[in-house]
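Here the structure is laid out as structure tokens; the discussion comes afterwards.
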Amino acid sequence: MQETLKGFGGKLKEFFAKMSKKTRIILGCALGAVILAGVIFAVAMSHRPYAVLFTGLSPEEVTSISAYLRDNGATDFQIQGTDTVLVPEAQEEQLKADLLLAGYPTSGFAYETYRQGVGAMSTDSDRQMAYLQDLQDRMAGVIRRFEGVKSAVVNITQGEDRRYVLDSGNMVNASASVFVTMQGNGALPDKVASAIRYLVAHSVKGLVIDNIAISDSLGNVYSGAAGTAGATDASELKLRLEEQVDNKVRSQIMMALTPFYGADNVRVAVSSTVDVDHTVGESTKYTLPDWAGDGSTGGEGIIGSKVYDQEVVRGNGDTVGGVVGNQTNADINTYVENQTGVDGEETYIRNQGETNYNVDTNKQQTERIAGVVADLMVSVSINSAVSGSMTPAELISHVGHAAGIAPNEQTDKISILLAPFYDPDGGIVPGGNELNLPPWVLPAAVGGGALVLVLLLLLAILGGRRKKRKALAASPMVAQIASPQVAEVEVPLNGADIMAVKTEKSIQLRQSIRKFAEENPEMAAHMLKNWLRGGEEDE
Numbered sequence: 001m002q003e004t005l006k007g008f009g010g011k012l013k014e015f016f017a018k019m020s021k022k023t024r025i026i027l028g029c030a031l032g033a034v035i036l037a038g039v040i041f042a043v044a045m046s047h048r049p050y051a052v053l054f055t056g057l058s059p060e061e062v063t064s065i066s067a068y069l070r071d072n073g074a075t076d077f078q079i080q081g082t083d084t085v086l087v088p089e090a091q092e093e094q095l096k097a098d099l100l101l102a103g104y105p106t107s108g109f110a111y112e113t114y115r116q117g118v119g120a121m122s123t124d125s126d127r128q129m130a131y132l133q134d135l136q137d138r139m140a141g142v143i144r145r146f147e148g149v150k151s152a153v154v155n156i157t158q159g160e161d162r163r164y165v166l167d168s169g170n171m172v173n174a175s176a177s178v179f180v181t182m183q184g185n186g187a188l189p190d191k192v193a194s195a196i197r198y199l200v201a202h203s204v205k206g207l208v209i210d211n212i213a214i215s216d217s218l219g220n221v222y223s224g225a226a227g228t229a230g231a232t233d234a235s236e237l238k239l240r241l242e243e244q245v246d247n248k249v250r251s252q253i254m255m256a257l258t259p260f261y262g263a264d265n266v267r268v269a270v271s272s273t274v275d276v277d278h279t280v281g282e283s284t285k286y287t288l289p290d291w292a293g294d295g296s297t298g299g300e301g302i303i304g305s306k307v308y309d310q311e312v313v314r315g316n317g318d319t320v321g322g323v324v325g326n327q328t329n330a331d332i333n334t335y336v337e338n339q340t341g342v343d344g345e346e347t348y349i350r351n352q353g354e355t356n357y358n359v360d361t362n363k364q365q366t367e368r369i370a371g372v373v374a375d376l377m378v379s380v381s382i383n384s385a386v387s388g389s390m391t392p393a394e395l396i397s398h399v400g401h402a403a404g405i406a407p408n409e410q411t412d413k414i415s416i417l418l419a420p421f422y423d424p425d426g427g428i429v430p431g432g433n434e435l436n437l438p439p440w441v442l443p444a445a446v447g448g449g450a451l452v453l454v455l456l457l458l459l460a461i462l463g464g465r466r467k468k469r470k471a472l473a474a475s476p477m478v479a480q481i482a483s484p485q486v487a488e489v490e491v492p493l494n495g496a497d498i499m500a501v502k503t504e505k506s507i508q509l510r511q512s513i514r515k516f517a518e519e520n521p522e523m524a525a526h527m528l529k530n531w532l533r534g535g536e537e538d539e
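13 is the number that full-length UniProt numbering gives to position 13 of the sequence shown; each next residue is one higher, with no gaps.
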């Protein structure tokens, strides 16, 4: 084995010896980069940020939450101490939302109470404010994870103990409010409202669940426990059912009117009355027999019971046998009900009795223990600035169908009011204009003006540079013109006239000056002005 290792080491050494120096450097750099990446990854994994999922839990709930996380594929979590569950910070909001919907926790708190984000010089009030702001933001992030929730705002007012010797009852309880905006103007499900209420209640110490107010952007209010199963009496059940009816009808009306006017230009108020009385009803139905279905009874009803009392009396002066010519040969009626035998000598007969008939009967008994909407009133306020062309009658019909009110009751049950909405700014709209121009005109005008200024600045710079180049090009000629020295003229060997030579040179100079002055009139005027000033100074 040792010889094999030596042979492998020799081959490896020989392999590296055959490499060029450049190849060895590249290979070493690559190997070092791989090692460095591995070290960085290991350090990052060891220092992965974890956040508190729940703290202050009982041992049983720690076990239950751990089992829930494993069953749902979340295996990356830690148990800190005996009552705190930690999860990766990036998964905290989603896992917390899932657990709240599943009914966890029943004890403990959703966030740790350690105050972060403050310095050593911060006061206790600063620390508390920083903690509250962080807590509110984190809870809003969890609420946004619930299905159907678009955005959320959480406000917490901590309790304050103002009790002292003379006033031991001055205690301010903690309270919280949650405002949610749903996607598609829908209503907040009762299960989600309950989960939000439990989240807030388990996040703030001393907060009673009844002191949590939840509302949405449509004006719906979600109070009490979810559903109606927890109602202990008829009054509580009535209030909860009326709240559910109001929220549902308000949402339906807002969904029907928002496409025409916008959510900010419509306000809806609903007042419902729910009857939760325990009632029992009974109905009886009689069925005609087959032989009476042909109308032979003359429209008479079905006889269910028949009571009769018949009496026949013969006067003392009447003869036996009756009147001659009658159909019967006796003066005593013989067709009484259930008559007994008679022999014609009787002076008094009475017959009494009761006959019951078997008639097809159907009896139904109904017991109502659920609530029933007994009355529903709707008031709709619309901003007249965007009222459009719909008439109040059309609006009443449209709102009535959305609320489920019968057409014959819509006029009495629905109120539509078109009026300008109150503007706290006194009618002054920031950024408005008297010309009623589109909102994009002002930014476009500002951008166009800025572009024109930039172009003018560029033209000025280019013009200055052009003038500067011309001045530099003309400076040798100006120096030659301004030089007081007379140019030396070589005297021709053939004895030419000196005056003729000077005259020719003077003509050339005058032509050059005239050409320069025509091409650069401003510069020539400036030079002439300087020369005149120089002459005055010499005097």
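Ideal Cβ positions, reconstructed from N, Cα and C, are used throughout, including at glycine.
What you are looking at is a predicted structure, and each value in this text was computed from that prediction instead of being measured.
query: The alpha helix (DSSP H) enclosing S194, as first and last residue numbers; result: D190 to A201
query: Beta-carbon gap between I143 and A130 smaller than 8 Å; result: no
query: Opposing strand residues paired with T82 [DSSP bridges]; result: Answer is none; T82 lacks a bridge partner.
query: Cβ neighbour criterion (16 or more within 10 Å) applied to I382; result: buried
query: Identity of the residues DSSP links to G281 by a beta bridge; result: T366
query: Own chain, CB closer than 8 Å to A445, minus 5 neighbours either side, in chain order; result: none
query: Local conformation of M390 per DSSP, three classes; result: coil
query: Other residues of its chain near S271: CB distance less than 6 Å, five sequence neighbours each side excluded; result: M377
query: Among I461, L53 and F260, the one whose alpha carbon lies nearest that of H398; result: F260
query: Separation of A193 from V180, as counted between CA atoms; result: 10 Å
query: Contact under 8 Å by Cβ, R250 with L218; result: yes
query: Strand pairing of D216, partner residues [DSSP]; result: V180
query: Euclidean distance between Cα positions of G254 and Q244; result: The residue asked about is misnamed: residue 254 is Met in this sequence, not Gly. Those two C-alpha atoms are separated by around 15 Å.
query: Residue range of the unbroken alpha helix (DSSP H) whose run includes A419; result: Run containing A419: none in the alpha helix (DSSP H); it sits in the beta strand (DSSP E), I414 to A419.
query: Nearest-angstrom Cα separation, counted from S389 out to I65; result: 58 Å
query: Expected contact under 8 Å - CB spacing of N211 and N155 to nearest Å; result: Not really, about 12 Å apart at Cβ, beyond 8 Å.
query: Beta-carbon spacing of G184, V386 below 8 Å; result: no
query: Nonlocal neighbours in the same chain, by C-beta distance under 6 Å from residue 542, ignoring five residues either side; result: The shown model of the chain, from 1 to 539, leaves out residue 542, and the question about it has no answer.
query: Cβ-Cβ separation, L53 to K96 (assumed contact under 8 Å), whole Å; result: 6 Å
query: Selected residue, minimal CA-CA separation from Q80, among Y50, A256, A374 and E93; result: Y50
query: Own chain, CB closer than 8 Å to T366, minus 5 neighbours either side, in chain order; result: V280, G281, E282 and S283
query: Beta-carbon contacts of A102 that lie in its chain and below 8 Å, excluding the five residues immediately before and after; result: Y68
query: Distance between D137 and Y114 (C-alpha atoms, nearest Å); result: Its pLDDT being 44, under 50, Y114 is placed unreliably in this model, and the coordinates cannot settle the point.
query: Beta-carbon spacing of V266, V380 below 8 Å; result: yes
query: Simplified DSSP assignment, three categories, for E92; result: helix
query: Backbone CA spacing between R127 and L457 [nearest angstrom]; result: 53 Å
query: 8 Å Cβ cutoff, S251 in contact with chain C; result: Structure shown: chain C not included; a single protein chain is present.
query: Delimiting residues of the alpha helix (DSSP H) encompassing L132; result: D124 to I143
query: Length of the line joining the Cα atoms of E61 and A213; result: 27 Å
query: N520 beta carbon less than 8 Å from that of K470; result: yes
query: Where the beta strand (DSSP E) containing D309 begins and where it ends; result: S305 to V313
query: Sequence-distant residues of its chain with Cβ nearer than 6 Å to residue 540 (five each side left out); result: The structure shown does not extend to residue 540, since the chain spans only 1 to 539, so no value can be given for it.
query: The beta strand (DSSP E) enclosing A374, as first and last residue numbers; result: V372 to N383
query: Nearest-angstrom Cα separation, counted from Q511 out to K505; result: 10 Å
query: Other residues of its chain near A201: CB distance less than 7 Å, five sequence neighbours each side excluded; result: L207, I209 and I212
query: A403 burial status per 10 Å Cβ neighbour count (16 or more: buried); result: buried
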